[in-house]
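Read the structure below first, then the notes.
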Amino acid sequence: MRKNLLAGTSVIVTLLVTCALQAATIERTELRFRGRTYHYLFSAHLSANPEAVRAVVSDIERLARLNDNIITSQVLARESPTKIKRRLLLKHCILVFCFDIDFVETLEVLPSGDIATRIIPGAGNFERGETIWRIEAISDTATRVTMEADQEPKFWIPPLIGPLLIKRSFINEVTETLQNLERIANAPLQ
């Protein structure tokens, strides 16, 4: 990720959260704003097999199982055995403000096993964005999931109240996503 995006007078909000999610634990959440760009990170320990976790987050057509805000997740093109182009559409409300998050991105499974995405400018309501998912085996029944992203939306975020509302919403969304990820990864095959 670009380190220069993190420099300057960004508002830094770091939360060390130790809330239990079934048998999972959020280890860290972080949300920073700099101008129109925001950087976020979360890391969690899940009580689930690493390959089962990877299978759930790689199931592009069924990502809506992870979070109620996901309206559409679809593969648009397969560029190689490890790289696709996908569309992701989310509907999100914070208090009375509702908005669509719509972007097309490339998604690539790297040789390390990490999953990297890059938003395609002009295809949705984001100027740019990059994300890395790391899925690390702790044991056969435990996984650390880390997601880190830099994104710049085209839509307006109110400068004073927006970051505070987004922070609160971010924690709720991370919690829901990780609870569902762990539950689905532990469910019998469907």
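The sequence shown begins at 1 in our numbering and counts up by one. Quick reminder that beta carbons are idealized off the backbone N, C-alpha and C, glycines included. Values in this document were obtained by computation on a predicted structure and should not be read as measured data.
- From the listed residues Ala44, Ile119, Asp100, Ser169, the smallest Cα separation to Arg134 is found for Ala44.
- Here DSSP, grouped into helix, strand and coil, assigns Ile157 to coil.
- For Arg86, the pairing in a beta bridge is given by DSSP as Val75, Glu105.
- Between the stretch 54-61 and the stretch 177-186 there are three or more inter-stretch CB-CB distances shorter than 8 Å, so the stretches are counted as touching.
- The beta carbon of Thr117 sits closer than 6 Å to the beta carbons of Glu105, Leu107, Thr131 from its chain, once the five residues preceding and following it are set aside; these are given in chain order.
- Taken in chain order, the complete beta strand (DSSP E) segments of 3 residues or longer contained in the stretch 24-49 are 24-34, 37-46.
- The C-alpha of Gly124 lies about 25 Å from the C-alpha of Glu176.
- Pairing Ser73 with Leu88 gives a Cβ-Cβ distance under 7 Å.
- For the set Ile84, Gln151, Thr25, Leu181, the Cα lying nearest the Cα of Ile101 is the one of Gln151.
- In the same chain as Met147, and ignoring 5 residues on each side of it, the C-beta atoms closer than 6 Å to its own belong to Phe42, Trp133, in chain order.
- Counting of Cβ neighbours within 10 angstroms places Thr82 among the exposed residues, the total staying below 16.
- Judged by beta-carbon spacing, Asn67 lies beyond the 7 Å limit of His92, meaning their Cβ atoms are not closer than that value.
- Look at Pro81 here: in three-state DSSP terms it is coil, with no helix or strand label.
- Contact annotation: Leu31 and Phe170 have beta-carbon atoms nearer than 7 Å.
- Of the candidates Phe103, Ile71, Val109, the residue whose Cα lies closest to the Cα of Glu79 is Val109.
- The Cβ atoms of Phe103 and Phe126 sit closer than 7 Å to each other.
- If you look at Arg65, you'll find it isn't in any beta strand (DSSP E); DSSP assigns it neither H nor E.
- Rounded to whole angstroms, Ile60 and Gly122 show a C-alpha spacing of 21 Å.
- Take the alpha-carbon of Ala24 and the one of Leu76: they are about 33 Å apart.
- Under the three-state reduction of DSSP output, Thr117 falls in the strand class.
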